[in-house]
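> My structure is below; once you've seen it, I'll send some questions.
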Amino acid sequence: MLRLLSFALFLAIWWIAALFVGAAKLPSPPAVLNVIIAEASNGALFLHLGATLARVTLAFVLAMSLGSAIGYLMGRVKLADRLGDPWLILLLNLPALVVIVLAYIWAGLTEAAAIAAIAINKLPTAIVTLREGTRALDRSLDEMASVFAMPRWRAFRHVVLPQLAPYIAASARSGLSLVWKIVLVAELLGRPNGVGFEIGIAFQLFDTPRLLAYSLTFAAVVLVIETALVQPFEARATRWRPRAA
Amino acid sequence: MRLEVDITGKTFRSAAGGTQEVLAPVKFALQSGEVGVLIGPSGCGKSTMLRIILGLDRDFGGHVSRPPEARIGMVFQEPRLLPWRSVEQNVRLAAPDVSDAKLSELFRILELEAHRSHFPGELSLGLARRVALARAFAVEPDLLVLDEPLASLDDALAGRLRDEIATLVASRPVMTLLVTHSLDDAIRLGDRLFLLSPRPARILAEVPISIPRAARGDAEISAIKADLVRRTQGEHGGERAGRDVS
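Chains as they are written, first to last, in my numbering: chain A, 1 to 245; chain B, 1001 to 1246.
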């Protein structure tokens, strides 16, 4: 109820602002809605959204799995931490734009280059978060698992993974928002489809309704994925914790 | 099966760079069906000794031989349960082969039936300790290590759990190593008592108890206790021994 109210407030402010600034700079909500309906009915909207979502999914899965594995290793093995740390600092501070442009130059304007560039941007934060999580593992529980001769996989699944789950959830949450932001830049610079590509076209034509139509649908998709996937996972991962009143 | 402990020494390097001797040479052996009890002042190195025996600490002088196939059941000083798994899952994860009947029996004896599906965070410390006992018993261990398992339990429950430990020890050929502060527990459960010195720990005396566990009545127990108090007083002052007896 409160959410609906806040959404209505957002629409009202938008509408009033549109009346003041004029349709060229800020089209009214119905104008944008018309574009969304038109783009949806000719299929272009779903094509571009689908292309972007596919890139997000691939890059996200790649960065999360690789980043978690490397972060776990660096948290467990001192040598890996020492060797990997300079690379990590470099990657953490490398601007996304540099990675994307270099990837396109070295690997051509290809799908693989785009996905790799997005994944590389997300990778270091996943590594850092999981390394912290691994360092915070409770050693007394490791000892318990070792004394009771739990097989490696069982110990990992029931002793280690539940302790890492909050870190994985946090890294997924922050990582997803990072990927949402970077994927559009990568598309703008070197892909023939996707939401970023469409926004680039709309920018060149100063087509504000189209720009807003794509941005808002994209934002809506992000919101749905956050509430339908990320939040339930977080809730499940921390379900054993006594709830705050 | 036989556990042979022959530690020649153990030192810790402190953060300041110095070394600290925790264990002096300690040597003893334990047979299947025997209960050995380690009694010593707080901080004398008992827990370090247990960690070495369990294979958790390999940085020590000497060696420990324990049959590689021996199943270990351990009750740590703190319960060390997995907070994200229920009571039943905690036991089953450590003892995947336990039968439903055996598990129900254990939960009945330890009065945990009502708590099967609870998470450890919802239990009192006393209950959590009982879960830790259930977990150690459920693996049907060849080597049972109990690090002050009855501390912080009320007398009635401690008494019953002590009887349960005695029953388990009698029912299977298990080597049991018990660490305790309570002379009562030591005398009621132990076959051989090892009196330890303050840090660095060494064995001051090994006291065998020849009367079978079941036949130890109150008279025998107080006689042994009096003997022990005399010995401990002789070694390190009446103050400690007096507290042990209480």
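We put the beta carbon where it would ideally sit given N, CA and C, even for glycine. Being a predicted model, the structure only gives us computed values, none of them experimental.
Looking only at its own chain, which residues have a Cβ that is under 6 Å from the Cβ of Leu1177 of chain B, when we skip the five neighbours before and after it?
One-based indexing of the second sequence puts residue 1177 of chain B at position 177. Gly1036 and Val1145.
> To the nearest angstrom, how far is it from the Cα of Ala23 of chain A to the Cα of Ala202 of chain A?
As a working mapping, residue 23 of chain A is identified with position 23 in the first sequence. As a working mapping, residue 202 of chain A is identified with position 202 in the first sequence. Whole-angstrom Cα-Cα distance: 15 Å.
> Around the Cβ of Leu92 of chain A, are there at least 16 other Cβ atoms within 10 angstroms (buried) or fewer (exposed)?
Here residue 92 of chain A is taken as the residue at index 92 of the first sequence, counted from 1. Under this definition Leu92 of chain A is an exposed residue.
> For the alpha helix (DSSP H) containing Val98 of chain A, name the first residue and the last one.
Within the first sequence, numbered from 1, the residue matching residue 98 of chain A stands at position 98. Element bounds for Val98 of chain A: Ala96 to Ala107.
> Tell me where the beta strand (DSSP E) around Lys78 of chain A begins and ends.
Walking along the first sequence from the start, residue 78 of chain A turns up at place 78. Not the beta strand (DSSP E): Lys78 of chain A falls in the alpha helix (DSSP H), residues Lys78 to Asn93.
> Apart from the five residues just before and just after Ser28 of chain A, which ones in its own chain have a Cβ nearer than 7 Å to its Cβ?
Residue mapping note: residue 28 of chain A aligns to position 28 of the first sequence, counting from 1. Counting only Cβ-Cβ distances below 7 Å, and skipping sequence neighbours, we find Trp15 and Ala18.
> Could you tell me which uninterrupted alpha helix (DSSP H) segments, each at least 4 residues in length, are contained entirely in the stretch 129–186 of chain A, listed from first to last along the chain?
139–147 and 152–155
> Rounded to the nearest angstrom, what separates Lys1102 of chain B and Trp1084 of chain B at their Cα positions?
Working through the second sequence from its first residue, we reach residue 1102 of chain B at position 102. Working through the second sequence from its first residue, we reach residue 1084 of chain B at position 84. The alpha-carbon atoms of Lys1102 of chain B and Trp1084 of chain B are separated by roughly 24 Å.
> So, at 8 Å on beta carbons, what are the nonlocal neighbours of Asn1090 of chain B in its own chain, with the 5 sequence-adjacent residues on each side left out?
In the second sequence, counting from the first residue as 1, residue 1090 of chain B sits at position 90. Closer than 8 Å at the Cβ level, and outside the excluded window around Asn1090 of chain B, lie Leu1081, Leu1082, Pro1120, Val1131 and Arg1135.
> Within 10 angstroms of its Cβ, does Glu187 of chain A collect 16 or more other Cβ (buried), or is it exposed?
Your numbering for residue 187 of chain A matches position 187 in the first sequence. It counts as buried.
> Taking the straight line between their C-alpha atoms, what separation do you get for Met150 of chain A and Glu1140 of chain B?
The count along the first sequence starts at 1 and reaches residue 150 of chain A at position 150. The count along the second sequence starts at 1 and reaches residue 1140 of chain B at position 140. Cα to Cα, the separation comes out at about 15 Å.
> Let me know if Gly1242 of chain B comes out buried or exposed under the rule of 16 or more other beta-carbons within 10 Å of its beta-carbon.
Along the second sequence, one-based indexing puts residue 1242 of chain B at 242. Any reading at Gly1242 of chain B needs caution, since the residue's pLDDT is 42, under 50, leaving its predicted position unreliable; the model's value is listed next. Exposed, by the Cβ-count rule.
> Compute the beta-carbon to beta-carbon distance between Val1022 of chain B and Arg1160 of chain B, rounded to the nearest angstrom, for a pair I have assumed lies under 8 Å.
To locate residue 1022 of chain B, count along the second sequence from 1; it is residue 22. To locate residue 1160 of chain B, count along the second sequence from 1; it is residue 160. The Cβ separation is near 35 Å, so there is no contact.
> Please check if any C-beta of chain A sits within less than 7 Å of the C-beta of Leu1144 of chain B.
By one-based count along the second sequence, residue 1144 of chain B stands at place 144. Chain A, which has no Cβ nearer than 7 Å to the Cβ of Leu1144 of chain B, makes this no.
> Looking at the C-beta of Met1001 of chain B, does it have a partner C-beta in chain A at a distance below 7 Å?
The residue given as residue 1001 of chain B occupies position 1 in the second sequence. Met1001 of chain B does not count as touching chain A.
> Can you pull the chain A residues whose beta carbon is under 7 Å from the beta carbon of Phe1119 of chain B, in chain order?
To locate residue 1119 of chain B, count along the second sequence from 1; it is residue 119. Simply Trp240.
> Taking beta-carbon pairs under 9 Å, can you tell me which members of the stretch 1035–1058 of chain B lie near chain A?
Arg1051, Leu1054, Gly1055 and Leu1056
> Assess, as a yes-or-no matter, whether the stretch 190–200 of chain A is touched by the stretch 46–61 of chain A under the definition of 3 or more beta carbon pairs within less than 8 Å.
Cβ pair count under 8 Å is three or more, so yes.
> Following the continuous alpha helix (DSSP H) through Thr217 of chain A, name the residue where it begins and the one where it ends.
Translated into the one-based positions of the first sequence, residue 217 of chain A becomes position 217. Thr208 to Ile225 is the extent of the alpha helix (DSSP H) around Thr217 of chain A.
> In angstroms, rounded to a whole number, what distance separates the CA positions of Ala245 of chain A and Glu1122 of chain B?
Taking the first residue of the first sequence as position 1, residue 245 of chain A is located at position 245. Taking the first residue of the second sequence as position 1, residue 1122 of chain B is located at position 122. With a pLDDT of 48 at Ala245 of chain A, under the threshold of 50, the modelled position of that residue is not reliable, and the figure given next carries that caveat. Approximately 15 Å between the Cα atoms of the pair.
> Where does Phe10 of chain A fall in DSSP's three states?
Looking up residue 10 of chain A in the first sequence gives position 10. In this structure, DSSP gives Phe10 of chain A a helical state, which the three-state scheme calls helix.
> From Val160 of chain A to Gly1033 of chain B, what does the alpha carbon distance come to, in whole angstroms?
The count along the first sequence starts at 1 and reaches residue 160 of chain A at position 160. The count along the second sequence starts at 1 and reaches residue 1033 of chain B at position 33. As the crow flies, the alpha-carbon of Val160 of chain A is around 35 Å from that of Gly1033 of chain B.
> Could you name the residues of chain A that Pro1212 of chain B contacts, counting a contact when the two beta carbons are closer than 9 Å?
On the second sequence, position 212 is the one that residue 1212 of chain B refers to. Per Cβ cutoff of 9 Å: no residues; Pro1212 of chain B is ~30 Å from chain A at best.
> Between A:Pro30, A:Ala114 and A:Arg82, which has its C-alpha nearest Leu58 of chain A's C-alpha?
Translated into positions along the first sequence, residue 58 of chain A becomes position 58. Nearest of A:Pro30, A:Ala114 and A:Arg82 to Leu58 of chain A, Cα basis: A:Ala114.
> Using a Cβ cut-off of 9 Å, which residues of the stretch 63–93 of chain A contact any Cβ in chain B, in chain order?
The stretch 63–93 of chain A vs chain B, Cβ under 9 Å: nothing.
> Rounding to the nearest angstrom, what Cα-Cα distance links Gly1237 of chain B and Ser1182 of chain B in this structure?
The count along the second sequence starts at 1 and reaches residue 1237 of chain B at position 237. The count along the second sequence starts at 1 and reaches residue 1182 of chain B at position 182. At Gly1237 of chain B the pLDDT is 45, less than 50, meaning the model places this residue with poor confidence; the figure from the coordinates comes in the next sentence. Straight-line measurement puts the Cα of Ser1182 of chain B at about 17 Å from the Cα of Gly1237 of chain B.
> Assuming Leu1193 of chain B and Ile1209 of chain B form a contact by the criterion Cβ under 8 Å, report the distance between their Cβ atoms to the nearest whole angstrom.
Within the second sequence, numbered from 1, the residue matching residue 1193 of chain B stands at position 193. Within the second sequence, numbered from 1, the residue matching residue 1209 of chain B stands at position 209. Right, the Cβ-Cβ distance comes to about 7 Å (below 8 Å), so this counts as a contact.
> Grouping DSSP H, G and I as helix and E and B as strand, with all else coil, what is Pro1079 of chain B?
Mapped onto the second sequence, residue 1079 of chain B falls at position 79. Coil.
> In the DSSP assignment, what residue or residues form a beta bridge with Gly1062 of chain B?
Position 62 of the second sequence holds residue 1062 of chain B. B:Ile1007.
> Consult DSSP for Gly1237 of chain B and reduce its assignment to one of helix, strand or coil.
On the second sequence, residue 1237 of chain B is found 237 positions in, with the first residue counted as 1. Summary for Gly1237 of chain B: the model assigns pLDDT 45, below 50, so the residue's position carries little reliability; its value from the coordinates is reported in the next sentence. Gly1237 of chain B falls in the coil class under three-state DSSP.
> In chain B, which residues lie less than 9 Å from Phe148 of chain A when you measure between Cβ atoms?
Within the first sequence, numbered from 1, the residue matching residue 148 of chain A stands at position 148. Residues of chain B passing the Cβ test: Arg1071, Ile1072, Gly1073, Met1074, Leu1093, Ala1094, Ala1095, Arg1135, Ala1136 and Val1139.
> According to a CB-to-CB cut-off of less than 8 Å, which residues of the stretch 1076–1087 of chain B neighbour chain A?
Phe1076, Glu1078, Arg1080, Leu1082, Pro1083, Trp1084 and Arg1085
> Pull up the distance between the alpha-carbon of Gly1190 of chain B and that of Ile1039 of chain B, whole angstroms please.
Counting from 1 along the second sequence, the entry for residue 1190 of chain B is found at position 190. Counting from 1 along the second sequence, the entry for residue 1039 of chain B is found at position 39. Taking the straight line from one Cα to the other gives about 11 Å.
> Inspect the beta-carbon positions of Ala213 of chain A and Val32 of chain A and report whether they are closer than 7 Å.
Reading the first sequence from its first residue, position 213 is the one you call residue 213 of chain A. Reading the first sequence from its first residue, position 32 is the one you call residue 32 of chain A. Yes, Cβ-Cβ distance for Ala213 of chain A and Val32 of chain A is below 7 Å.
> Spell out whether any CB of chain B is found under 7 Å from the CB atom of Ala245 of chain A.
As a position in the first sequence, residue 245 of chain A is number 245, starting the count at 1. In this predicted model, Ala245 of chain A has a pLDDT of only 48, less than 50, meaning its place in the structure is not dependable; the value taken from the coordinates is given anyway. No, its Cβ sits nowhere closer than 7 Å to a Cβ of chain B.
> Is the Cβ-Cβ distance between Val1179 of chain B and Glu1148 of chain B less than 7 Å?
Within the second sequence, numbered from 1, the residue matching residue 1179 of chain B stands at position 179. Within the second sequence, numbered from 1, the residue matching residue 1148 of chain B stands at position 148. Yes, the Cβ-Cβ distance between Val1179 of chain B and Glu1148 of chain B is below 7 Å.
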